[in-house]
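For reference, the structure is listed below as C-alpha cells.
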Amino acid sequence: MEQKKRSSFSSRIGFVLAAAGSAVGLGNLWRFPYLAARYGGGIFLLVYLILALTFGFSLMITEIAIGRKTRLSCIGAYKALDKRFGFLGWLAAFVPFIITPYYCVIGGWVMKYLFTFISGNALEAADNGGFFSNFIGYDAGSLSSTIFSFNGPTPWFILFVLATTIVVIFGVEKGIEKASRIMMPILAILAVVIAIYSLTIPGALQGLKYYILPDFSQFSVSTVLGAMGQMFYSMSLAMGIMITYGSYMQKENLLEHSVTQIEIFDTLFAFVAGLMIIPAVIAFNGGDPSQVNSGPGLMFITLPMVFDSMKFGTIIGAVFFLLVLFAALTSSISLMETLVSVLMDKAHMKRKTATIAITASCLIIGMLSCLGYGPWATITIIGMQFLDFFDFISNSVLMPIVALLTCILIGHVVGAKVIADEVKEGAGSFHREKLHRVMVRWVAPVMLAAILASELATKVFHLFTI
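To convert a position in the sequence shown, counted from 1, into our numbering, add 1.
In C-alpha cells, the structure reads:
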C-alpha cells in the first residue's frame, strides 16, 4: 500500500534539481573556500575532483539506489535490505533530526543579513564582528523580549522554518520539485554573476592564481582528508536525504546518469563558490590566503567587510545573501522532507500532520541553538555551545558512522550487486560498476574510518588543550 501511494518527482530533471539543491548548501559556501585556501588552492581542487568522481559518486549512487529499490524512507529501507540493519535507518534518521533545527537557525541569520543589505544598512554589518556578535548574542533582559525582538535571531529563525515548512507541506511534485525548479537556476545565475564581479576587483588575480594553479609542494595527507571530509558533507550523504529522494525517483529514469549530473552540479557550484570568495578575500587582505577563514566567521564577518570595500558592495552583498538564502532553503527542505517521510511511512501520518509535527519539534529544539549564544550562553556541553555540539555530533560522529555501516551492509552483507541491479533497472547502464564495487567494499570504509578518527582525535586534542 505504501508503494502505491508513494509520491514521485514528475521528471528526471525535477529529481536532479531537487537532489542537487540538497547537496548545494552552506557547506559549499563557507567550508569549501576555506579548505581550498588552507590546503594549497589548486592542489585541493584536483584532489576534490578525483574524490567527487570516485568516493562521492559511489556513496551517492548507493543511497539513491537503496531508496528507489525499496520505495521507503531511510528507516524502512535499511530494514528491507536486512532486518539486522534496521537500527541503521533510525540512526540515519536521527541525523536530520539533529541538523534541521540548527540549520534553520543559521538560515535565519542569513535572512537577517539579507534584510540588512536590502534595507541599506550594509555598513552596520561590516564592523569586524561586532554586528554579528550583538545579533546572535542578543539578550533584552527577559526571555520573552529576547525571543520576539527582530534585533535577535529568534524571529528570523521562525521565518526560515516557516518558509521551509510551506514548501514541504505542498509535497514532492508541487512543493519540493517546483521550488527547486525555480531556486536552482536563479542560484546558479547569481553565483556566476558574483564570481565574475569578484574577479574584476583589483588584486583578485593573485587570489585566482592561488585558487586555480596546483602547488604540489603543499600536498599532504591532510589535503586528502580535508577534501574527503568536504566531499562527504557537501553531497548530503548519510542523513537519509538521498535515500528519501531516491524513493521518489521513477524507475524509468536513468540512475547513473542522474547521479552524474548531481555530482557535476555540486562540484561546479563548489568551484564557483571558491571563485566568488577566495580572490575577493585574498585581495581584501593584501594577498594573504590564510585570512580565508571558515564557517560563520567567513560568511557573517569577513565577507560583509569585503563587500563594504567594493564598488556597488551593498548590491553585491544583497545578491550574495539572496544566493545563500536559496542554497540554505534547498538544503533545509530536503532535511525536513526526510523526517516527514519517516513519519508518513512509520506512523502512517498524512503529509500535513507530519509536516506540522516536524515543524513543531524543529522550533522547540532550535531554540536551544537560537538562544545558545545569548541568554543561555553560559550553558555548554563538553565545552561547546548547543549549535556547535549538535554540529559536531551529527557531522563528525553520526554521519561517518552511518556511511561506514552502509558500506559494510552493501559491500559485505547484501552485496554490491543489489545496487548494480537497481542502477541497471530497465534500460539503465552502470559504466562505473567495478569502481563502485571496489569503493564500497574496500576504499570508502577505510576513508570513512579515517575521517571519523581524524574528527574525534581533533576534538579530543582540543578538549585537553583548552
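Where a beta carbon is used, it is the ideal one built from N, C-alpha and C, also for glycine.
Opening and closing residue of the alpha helix (DSSP H) in which residue i lies
| i | result |
| --- | --- |
| residue 110 | 87 to 119 |
| residue 299 | First-last for residue 299: undefined, no H or E at that position. |
| residue 135 | 131 to 137 |
| residue 463 | 445 to 466 |
| residue 377 | Looking at the DSSP string, residue 377 is not in any alpha helix (DSSP H), and its letter there is neither H nor E. |
| residue 346 | 314 to 347 |
| residue 468 | Nothing about residue 468 can be reported from this structure: the residues present for the chain run from 2 to 467 only. |
| residue 290 | Unbroken run through residue 290: none, as it is neither H nor E. |
| residue 258 | 256 to 285 |
| residue 126 | 123 to 126 |
| residue 306 | 304 to 310 |
| residue 383 | Note, residue 383: premise wrong, no alpha helix (DSSP H); not H, not E. |
| residue 248 | 242 to 248 |
Sub-8 Å separation of residue i and residue j beta-carbons
| i | j | result |
| --- | --- | --- |
| residue 118 | residue 318 | yes |
| residue 212 | residue 53 | no |
| residue 133 | residue 242 | no |
| residue 388 | residue 370 | yes |
| residue 235 | residue 22 | no |
| residue 17 | residue 262 | yes |
| residue 264 | residue 58 | yes |
| residue 204 | residue 157 | no |
| residue 113 | residue 149 | no |
| residue 104 | residue 332 | yes |
| residue 111 | residue 154 | no |
| residue 7 | residue 395 | no |
| residue 228 | residue 95 | no |
| residue 26 | residue 281 | no |
| residue 48 | residue 224 | yes |
| residue 311 | residue 190 | no |
| residue 327 | residue 123 | no |
| residue 99 | residue 391 | yes |
| residue 226 | residue 450 | no |
| residue 246 | residue 20 | yes |
| residue 56 | residue 448 | yes |
| residue 216 | residue 41 | yes |
| residue 410 | residue 89 | yes |
| residue 383 | residue 464 | yes |
Pick from the options that is closest to residue i, judged by C-alpha positions
| i | options | result |
| --- | --- | --- |
| residue 145 | 446, 376, 412, 414 | 376 |
| residue 343 | 240, 139, 70, 466 | 240 |
| residue 337 | 74, 70, 45, 15 | 74 |
| residue 340 | 356, 380, 137 | 356 |
| residue 313 | 80, 77, 195 | 195 |
| residue 230 | 457, 412, 461, 462 | 457 |
| residue 126 | 306, 373, 399 | 306 |
| residue 431 | 256, 392, 366 | 256 |
| residue 178 | 207, 411, 335 | 335 |
| residue 14 | 169, 183, 81, 82 | 183 |
| residue 412 | 49, 401, 439 | 439 |
| residue 267 | 24, 10, 91 | 24 |
| residue 233 | 401, 434, 460 | 401 |
| residue 152 | 159, 160, 141, 464 | 141 |
| residue 258 | 283, 272, 433 | 433 |
| residue 143 | 372, 116, 460 | 372 |
| residue 116 | 89, 11, 315, 10 | 315 |
| residue 193 | 271, 348, 294, 244 | 271 |
| residue 72 | 244, 161, 207 | 244 |
| residue 321 | 359, 446, 187 | 187 |
| residue 398 | 93, 164, 366 | 93 |
Query raised in the report: Do the stretch 23 to 33 and the stretch 414 to 426 meet, that is, are 3 or more Cβ pairs less than 8 Å apart?
Result: The stretch 23 to 33, when compared against the stretch 414 to 426, does not touch it at the 8 Å Cβ threshold.
Query raised in the report: Taking one C-beta from the stretch 276 to 288 and one from the stretch 197 to 217 each time, how about it: are there three or more such pairs within less than 8 Å?
Result: Yes: the two stretches touch, three or more of their Cβ pairs being nearer than 8 Å.
**Report entry** Unbroken stretches of the alpha helix (DSSP H), 4 residues or longer, contained in the stretch 188 to 228
**Finding:** Restricting attention to alpha helix (DSSP H) runs no shorter than 4 residues, the stretch 188 to 228 encloses them at 205 to 213, ordered along the chain.
Query - Three CB pairs or more closer than 8 Å across the stretch 62 to 74 and the stretch 420 to 438 - result: Yes: at least three Cβ pairs fall under 8 Å.
Query raised in the report: Do the stretch 74 to 94 and the stretch 443 to 460 touch if we need at least three Cβ pairs shorter than 8 Å?
Result: Result no; under three Cβ-Cβ pairs closer than 8 Å.
Requested in this report: Write down every uninterrupted run of the alpha helix (DSSP H) in the stretch 34 to 65 whose length is 4 residues or greater and which is fully enclosed by it, in chain order.
Outcome: Annotation note: the stretch 34 to 65 contains the following uninterrupted alpha helix (DSSP H) runs of length 4 or greater, listed N- to C-terminal: 43 to 52.
Requested in this report: Please list the segments of the alpha helix (DSSP H) lying wholly inside the stretch 9 to 34, counting only runs of 4 or more residues, in order along the chain.
Outcome: If we require 4 residues or more, the alpha helix (DSSP H) runs fully inside the stretch 9 to 34 come out as 13 to 24, 27 to 31.
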